[in-house]
Each structure stands twice: as structure tokens, then as C-alpha cells.
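Worksheet: the structure to be examined is printed underneath.
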Amino acid sequence: MSGYRVHRNSQRINAQAPCQFRFDGKQLKGFAGDTLASALIANGTRLIGRSFKYGRPRGIVGHGSEEPNALIQLETGGYTVPDLKATQVELYDGLNATTTTGFPSLHFDLKGLAGTFSRFMPPGFYYKTFMGPIKAWPLYEKIIRKAAGYGRAPVDPDPEFYDHLHHHVDVLVVGGGACGLWAATLAGRAGLKTLLVDEQNEAGGWMLSDTSAQIDGKPALKWVSERLAELNSLSNVTVLTRTTAFAHHEQNLVQALELVQDHLPLAARDSHTPRERLHKIRAHHVVLASGSIERPLVYGNNDRPGVMTAAAAQTYLNRYGVAVGRKVLLMTHNDAAYDAARDLAQAGSRVTLIDTRLRGAADWRQHEAKSAGVALMLGYGIAEVHGKTSVSGARLVQLDPFTNTVRARGPRLSADSVLSSGGLTSTVHLFCHNNGRPYWNENSQSFVVPDEGRQGISCAGSITGRWELSAALAQTHAAVSAMLLGFGRSTNGECPVSDERELAPTRRLFRVPDGLPEGHGAKAFVDYQNDVAAADIHLAVRENYRSIEHVKRYTALGFGTDQGKLSNVNGFAIAAEALGKPIAEVGTTTYRPAYTPVTFGALAGSHVGDTFDPRRYTAMQSAHVKRGALFETVGQWMRPWYFPKGKETMHQAVDRECLATRNSVGVMDASTLGKIDVKGPDAREFLNRIYSNAWSKLDPGKCRYGLMLDENGMVMDDGVTACLADDHFHMTTTTGGAARVLNWLERWHQTEWPELKVRFTSTTDHWSTTAVVGPKSRAVLQKLCSDIDLSADAFKFMDWREGTVAGVPAKVFRISFSGELAYEINVDACYGHYIWEQVMQAGEEFGITPYGTETMHVLRAEKGFIIVGQDTDGSMTPIDLAMGWAVGMKKPFSFLGKRSLSRSDTVRKDRKQLVGLYTEDPKVVLAEGAQILSTSDDAPPANMQGHVTSSYHSAFLGRSIAMAVLKGGSQREGDTVYVWAHGKKYPAKVVSSVFVDQEGVRQHA
Amino acid sequence: MFQIHCPHCGATREEEEFSYAGEAYIARPANPEEASDAEWGDYLFMRKNTRGWFWEQWQHTAGCRKVIAVKRHTGSYEIAGSWTLAEGKEHYLKESEA
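From first to last, the protein sequence lines stand for chains G and E. If you count the first sequence from 1, position 629 lands on 741 in the working numbering, and the numbers rise without skipping. If you count the second sequence from 1, position 49 lands on 330 in the working numbering, and the numbers rise without skipping.
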């Protein structure tokens, strides 16, 4: 037991509002205002997890988003969230958290044994060890996955919802510390529309932890609350807390995640309010005041539970009223950490401050610390921490004052907590997400951003490497004034002042030496989350990894949910030393979004379930539902798939629908076909250019099937176009291709042939189309239509007529996608449902049978009609499809794709060409996509000849049929090929792809 | 996500209203039948793949359906401007001469 509650005047917890919570089943107590981490520390809980690779016991190290170890699983069931950092989880009454590591249990971890043999687990261990045999890889993966990883992803549906909010602002300020607040104040006073976001539950940043800070002669927190009051009073300023800006994109788009309800007990959450909200912020100008994070020093066993950063301990004390230990060692290489030592000592801890500098901090700071009761040891460092599941003490060494080597052995000290401060690391992530680069500032020992920012971005405060409050505020004032000048506004306010305090130089130190060659002493961790020790980085360099990006990937330095916020700079510095290069030259790895993890729910927002994608329904939808249709989505359309009767299976239903259509009459909703109205004096010429076939001689009243090619000569769409008048055409496209085709037409018209007078209007939704199909279709239509002569001679195949059907104005097309006599009745969509029902009624005496897409597919395949995108894949020319008849090679204008049809590749004889297949066993329905072999020998490498594109059971033929693309297929009719699927080979005969009515007698009836 | 100005609509709108339509001002050979396989292949397949300022086409597919010319930096993603195809071509040709 170690941590405990103390009372601090500065504390932000509410001691009158206790919270009960559970951690790994244990009932514990905290207070409103606590984080889970502060409450756990106050309860003396130290062991929070086991490390990734070695299973070493780990505890809380940080106090915010930099925390690498304390990853917990929050809540259960649908509410569960894995891998939250305990340091960022706000405590609420009834909170239930569990640890995420340790197998079989946190306190007895098998992987911990691996830690004992850790010298056998260097970087690249998995690559180097699990090499063969190949067959064992799945087994290795299972074991490794079990041993690695943290929390469990939720499997139950999420009971909460998420939303998105868009902002367009003049100025976005990221970070609500002293500098961010001052930037927002100046922007707000200048009348600019300003948004300030801050990650924490309240603004103030480091001022919430540093009780001694003063601004303008008053306590900093008082100044903070004055700023907040002013910002709240300005109608042009919005302040969002619990909101983390996690990504910066081009054109100053910043994404920020607001935790709207995560801090509330589950029962207290409002079901009409989202759990989290994703803010998409477009800002003319971004002010990055994202501050800095203290990094630890690297020393032996610096991962024992009870080891922490000095800043974390200072924060737990002053902000949460929690002392981390009674006997504390604090190692530092800079002056700032003296504050933590002073405060801890004042709160009653016995503090020994181990300053790695022989002369220590500035005199006033040494004096202040000593007066508070801190014991000072100058010129020492910690070589090794003692204790296993909790700190019990440390062994010190006396450091050489000039080189980072050990001069002499030092004492062993007992302690329950060990803190360290290795200086600050600027939080430069957002500056770098979109191509920005930080630079190494030797003076501040950090990668920082330039004072002047970059286009559209100003940088303010400690992100620029100004660690002292007075300097940070002065730099902020200057940067924001410059920004306001750019807006043509003036600066309204004097720069806030803070005491300029004397500082002693920092010691340039990352890895504290222990007197042994690297790798021989106790493990000194750089990256806790990925178990990367200093020795691992040295090994990577010895193995000749030179680029820091490669060192990162080899060792895993900086990966994970903390993204190396504590570890990266130490890692870069150690790599630089091993490489014998300056840090500036080694540089940083690439910063990528997200700064902190973002839930999928927030990214999806309301694009889930029914609102994921629009669904389009035809006018006949209720008629289909009434008749028991099952639906499939085609594009965004819901199309009837088949209409089962009673307990029919799909195959039984489809067989019945097919036979009814071929023998009597069927009816299908064809409304979803894309329709484009093409009009203008040059409409005909345009069609000549965009389609492969000729349109010059198509008279009004006639229809023609057209093939649309891309410039490579490949089929991209098809459909029937009707000539309504000499300058007016009704084009149809595939259901899924409608939007693409319209854009295609527009692009060619606008970019290449703007001189053609033609325009295009999408009319897909304007028309409802009922296809009446089968030998009895004429009889059905005759009952409904008296003003069109339906006789075979007057109304021929591929004609269209205008008239009235059941009293409704209609365009009737005699076209067929089944090979049967068929009429497609097009009416204004508002009559679609009415016409459908009229047709059903008129057809009753013939047993009219509605059918869906599945039967449509079988009927068209029986006739060898292709479906673009199923029988073609963007590599099929009309010649490959044996549709040379649809190519007007004599047209004067070189239509799209024509030239490509004579390229050396498109005239190859062994191209894949469309064929029909009859399996030897008529009952076998081949798998679509199955590969075709020439011989029954399938020993690798298999000589693949093509694949099956469409395959069905044909009830009409009483056997299976298949369409396929086959190398040189047009010359292979009669050959036997072998179709391989699911480990079996089926012999099949190559036949014509027209299986039914090759002469076309039926459709011309 | 970009914001793109449509010169036809006179409005700056989110990228999701637009569709990318490739490199701008690639002229279709006037007489394709006379083009050699190599020349036709160049027209079909060869693109500059510029790193730097690049003239490209965007189509305002969820708006006015017009194809527009956008000058964009493929390294920094900065957009210098957008024009109608005809206006953009003047700028494009001037730059090509320079």
C-alpha cells in the first residue's frame, strides 16, 4: 500500500460527493472529480497490468493521454469499451472497470516467466523464431494472439448513439491551458468567430497541477477562471471541454472528439443525447496551444509499479488530493521538477530529490525545496529500482559531472515511490499530421514547432519549447497578435505577465548510466506499452537499422494507444547516440492521426443501421411486400429477389417462376433500370459517338440495344435506347450503372464535344416499368390496352408505341430480356403501383406469376444475354462477348473505344471469350467464379483457362447451364474442360452460350 | 477532405459533392484511326503522375454535374484555384509555355 488521500486547497475533487466503483470486482471509493487513476492510487492499488511481451508487472506512470500502462476495460456488455487509459476515465458512481492483461490472472502471469528469459526475446523475436514450418503458422498466431493484446472488443450492439457536428470558424484554438485561453481571449475580443477545444474535463491545463503559478500578480487558477468567464460572455466564442482535437487535415480541417456523456453513470445518461460527438471543424486559422508532456528518464527497472513521472505525482497531489507515496525518490535533470518535490514534502511525504546535476537547480529553488523538508542529493542518478510488484527502493550511482558515465557507486535508499523528470516534450502532433515537421531544439531538449507556425497555423506556448510560463505567454501574445494582423484586426489587451524566474541549465540526459554496458544491467524501459528497452534500440542499430522509421518498426517503439508520447524522444535520443549522430539528424518518426484513440461509433456517427446508406424503393414496393417477395439490394435499390409460395425454397420458387414465364406469362418490376433522357439536335450524333453501334438509321418508334465501351474498348454498360423523335431518345442503363453513365455522358460532352447540342436528364425515378413477359403477354396487354395495335405485324419486336394502358398514358416497349414475347409498360411513376395491380388482375386467368431478379437472371442466361459486371469485368470487348454485331465499324466518327479494338492486345486470338458450358452431370450447378482447366490434371501450377461467370439450374431445360469466359473460347465449341471448385473437378462441354431458342422465334412471336 | 469551389455554382462545397475525373487537358487524338498503337497507348495509359502543381478535372456530380479544372498541389494538397474548363485551359496553356 502506498498512495493515500491528503487535503489540498487546490484540489478539484468534491470531497462531499463520494463515488463507489469496482475495479476487478473489488469495491473501492473515490470522489467526483477523480479520474479512475487518481482513485486507484488513493486506494493504494498499484498493479494495473502486465506488460505486452515480458509480462512484467506495471502500474500507472502518467496522468493523461500519455499513459502507456494503465489500460482498462470499462463496463460490460454493450457498454463495454476496451483499452481506455485509467488516467483519462472520469470517475462516476457505479463505474465498473477491469484489468485487460495477465494470463491466467493479473497476479499470476505465465508470460511473466518469459520475462525471466527475456534475454532470449530480443526485438524481431517473433520474426526470428516462428519461421517454419509454414503449416504451423496458424498455430503460432493463436498462441501469440492469446499472449499479446489488451482489451476485448465489444460484441453486443451499442446501446448508445453518436453524432457529427460541423463547424466553420475564423479561429480554432487547440488546448485550454493558460496560452490557449489567452489566444482565445484575444481572438474573441477581436470579434472573430472562435472555438476553443480542450481534452480535459475543465480548462486550465498545467495550471490545474501547478499551485504556485501566478499570472498578472494573482494565482494562475484565478486568472484562468476570469478568462473562462470572459470567454463565456462573448457570443462569438465557444469553449468545448472533454474535446480532443485528434487530427489535422488539409485546408485546416480539424477533427475533434467530444466525450459528451462518458463521465456520467450509465443510469444517468440521457438517451436523447449522444455518448460521443465528432466535431469536424473548418478553421481559417488554427492556433495550436497543445502544450507539452513531461517525459521520464530511462533507468534500470524504471517500470516497477510505483514509478511515475514527477508531473504525474504533482498532478495527483494538487489536483486530486492524492499523495503517491510516503517515501518518495525524485530524480531530475531540470529545475521544474523541484516543484513536485516541494509540494509532496509540504503534503507530508518524505522526499529525497536526486538531481543528476552536480550543482543542482537555481539557488532559490534549492532553498525552497530544503525549507519544505526535501533531502537533496546532487550529482547522483538512479541505476536500478528495487521491488517487483511494487517499488521498495533504489540503488544510486554517482554521475560524472561532464560525461554521462558513472563516477562511483552510490547508496541504496528505501522508498515506496520513484519519480523522474526527463524534461518536457512538446505536443507537436497536430502540427505534423499534414506534412509539417518539428525541429530539434537543443536549448529546450525537445522537438518543437517554429514560432511562426506555418500557413494557416499559429503555434502558442510550450509547443514552441518555451517551458517557463512568462516566456510562453509572451510568445503566445506575439503569435496571436500577428495572426490578428492577418485578419485585419487589432490586439486588444496587454500581454499577461508571470514572474521571470532564474533557472539553472538542464543536464542533457536521457538514459541514466548504471556503470554497465547497455544490455548487461537491469532492463531500462523506453516504451512501456511495447516493452522496448534501451538495449533493444542499441540492438536494432547493431543489426544495421539506420532510419528511425525502421528502428521504430523493428522494435515497436512508439506504437500503441499512447503513440509514444512518453517514449519517442528518449527513443530517438538513444538511437542517435547508438548511431553516433545528432538527434536533429535522426529526426522523428511520422506523426499520423489519431492523436488519441477514437471509437468507431464516433467516426460512423449516424451512418449506421437504417441510416447507413439510402434505400430506394420502386412505386410497386407495397405490391411486392403483399405478395411475399424477398428483396435484394442492387445499387441502393431494393429489388424483389423471388416470390416464395408457402414453404418453397429459393430454387423451388425460381423454377416455378421460370416455367410460368416460359409457358404462360410472368411479370417483373423493371423500374430500377437507369433511364436518361437524351435530347437535342445532335442527340443522334452523340449516341453514335458514345455507343459502339450505329444510331443514324433508328427511326422514331424503334428501339435498339446499345453497348457502351470505354476508351480501352471494354464493355462498361449496356441497355436499350428508344428513339422518341428525331432529336429525342430514351436511354436505359444497368440498374447499378445509372449514375456512372450519366457522369460519363456529361464528361465526354463537356470535355471533348462541347459543340454538340445535346442535354441529358436523369429520368430513372420518373418512370415505372412493368415488364409483362411470356407467350401470353400479348393476351394480357390486350385486355388493358385498346389504342395500340398489338398484332405481331403492327407492333414488332424492338418497336415502341405510345398509348393508354388501363386508362393511363403509357409508352410500351416491345423488348425482351428473357427471349420471350414481352412488353415493358412505362408509365408516370405515380401510376406504377396501379398499373402493376391492373396487370396482375388482367393476367389472373393465365396464372400470371410475378418474378424477381433471380428468375430474371436464369431467363436471360438461358438466352445467353450478358449482365455487365457479372459476365464482364472491365476486360471484355464486344468481340470477346461474340457481340460483333453490336459494333458499327463503318460509322464515320471513331466512337469511344473503337481504336482500341484493333490494338495488338485486343486482337489476340487467345483472349478470354464468352462461351456456354454444359456439365457432364446435368445436376451439377457450377460455382460462379470457379476456375477452368484444360485437362483434369490440376497439379500446380494449374493452367487456368478462364472462369465461370454465371451458373444456374434451368428448369425449362431440366439441367444446369453456365456461362464462362475461356481463353480462345470462340474456337473451342465441343471441347471438354474441367471446372475446379471446392477441391473437386467437374468435366464440362463447351457449347454456344445461347441455350434456349437460338433462332429467336419466341421473342419475335 | 477538400473544399472545392465550383465556378458554375459560384459556391465552395465539400469534396463529397464532387468526383475526381483525372488529369485535365489530355486531348483525344483527332483521328484515332491514324494513331499508331504506341500513340494510342500513350493517350490511353500514360499520365504525368506529377508531384507538385497539377491540373486535374473534378466533376460536381452531386451538384451541377459540370466538369471543372482544379489546380492542386499533389504534395501539399493545396488548391490554387478552380475554373471552368475553358478558363482553366488558358491558364494551363500559359503555364505550359512558361
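Just so it is clear, CB atoms sit at the ideal spot from N, CA and C, and this is done for glycine as well. On a predicted model such as this, the values are computed, not experimentally measured, just so you know.
In the three-state DSSP reduction, G/Cys607 falls in the coil class, being neither helix nor strand. A residue is called buried when at least 16 other Cβ atoms come within 10 angstroms of its Cβ; G/Met443 meets this threshold and is buried. In the same chain as E/His289, and ignoring 5 residues on each side of it, the C-beta atoms closer than 6 Å to its own belong to Cys345, Lys347, in chain order.
The DSSP-derived three-state label of G/Arg524 is strand. Setting aside the 5 residues that flank it on each side, G/Gly976 is surrounded in the same chain by Ser1105, Val1106, each with a C-beta closer than 6 Å to its C-beta; the list follows chain order. With a threshold of 8 Å between beta carbons, E/Ser300 makes contact with chain G. It is roughly 24 Å from the alpha-carbon of G/Gly115 to the alpha-carbon of G/Ser483. Of all residues in the region 306-319 of chain E, those with a C-beta nearer than 7 Å to a C-beta of chain G are Arg309, Pro313, Glu314, Ala316, Asp318, reading in chain order.
Relative to the Cα of G/Ile960, the nearest Cα in the group G/Ala883, G/Ser987, G/Tyr943 belongs to G/Ala883.
Secondary structure within the region 398-432 of chain G: the alpha helix (DSSP H) runs of 4 or more consecutive residues, fully enclosed, are 422-432 (chain order).
Beyond the five residues adjoining it in sequence on each side, G/Gly568 comes within less than 7 Å, by CB distance, of Asn364, His397, Val398 in the same chain, given in chain order. A direct Cα-Cα distance of roughly 13 Å separates G/Arg665 from G/Asp643.
Residues are counted here when their Cβ sits less than 8 Å from a Cβ of chain G; for the region 353-377 of chain E these are Gly356, Ser357, Tyr358, Glu359, Ile360, Leu366, given in chain order. Interface annotation for the region 544-577 of chain G against chain E: Asn547, criterion Cβ-Cβ distance under 7 Å. Interface annotation, E/Arg346: in contact with chain G, CB-CB separation under 8 Å.
Not a single C-beta of chain E is nearer than 8 Å to the C-beta of G/Arg801.
Annotation: the continuous alpha helix (DSSP H) that includes G/Trp335 extends over 332-345. Listed as beta-bridge partners of G/Pro234 by DSSP are no residues whatsoever. The three-state reading of DSSP puts G/Ser150 in helix, counting H, G and I together.
For the region 999-1021 of chain G, the set of positions with a beta-carbon nearer than 8 Å to some beta-carbon of chain E reads Ser1006, Lys1010, Arg1011, Ser1012, Arg1015, Ser1016 in chain order. Contact between the region 499-511 of chain G and the region 348-366 of chain G is not established, with fewer than three Cβ pairs separated by less than 8 Å. Secondary-structure assignment with DSSP links G/Thr210 through a beta bridge to G/Gln185. Residue pairing by DSSP places G/Asn547 opposite no residue, since no beta bridge is assigned to it. For G/Phe798, the three-state secondary structure derived from DSSP is helix. In the three-state scheme derived from DSSP, where H, G and I count as helix and E and B as strand, G/Arg170 is classed as strand.
For G/Met780, DSSP records a beta bridge to G/Ala883.
Using beta-carbon distances, E/Phe335 does not count as an interface residue toward chain G, since no partner is under 8 Å. One Cα belongs to G/Gly317, the other to G/Gly156, and the distance between them is close to 26 Å. With the criterion set as a beta carbon lying under 7 Å from some beta carbon of chain E, the members of the region 337-365 of chain G are His361, Glu362, Gln363, Leu365, in sequence order. G/Thr730 has its alpha-carbon roughly 32 Å from the corresponding atom of G/Lys869. Beta-bridge annotation (DSSP): G/Ile788 is paired with G/Met843, G/Ser874. G/Asn414 counts as buried, since at least 16 other C-beta atoms from the protein chains shown sit within 10 angstroms of its C-beta. Annotation: Cβ neighbours of E/Thr342 in chain G (cutoff 9 Å, chain order): Ala851, Leu854, Asn855, Glu858.
Around E/Trp321, the beta-carbon contacts reaching into chain G at under 8 Å are Arg1011, Ser1012, Arg1015. Counting only Cβ-Cβ distances below 7 Å, G/Glu823 has contacts in chain E at Leu325, in chain order. For G/Val777, the closest alpha carbon among the candidates G/Arg117, G/Ala891, G/Ile575, G/Gly412 is that of G/Ala891.
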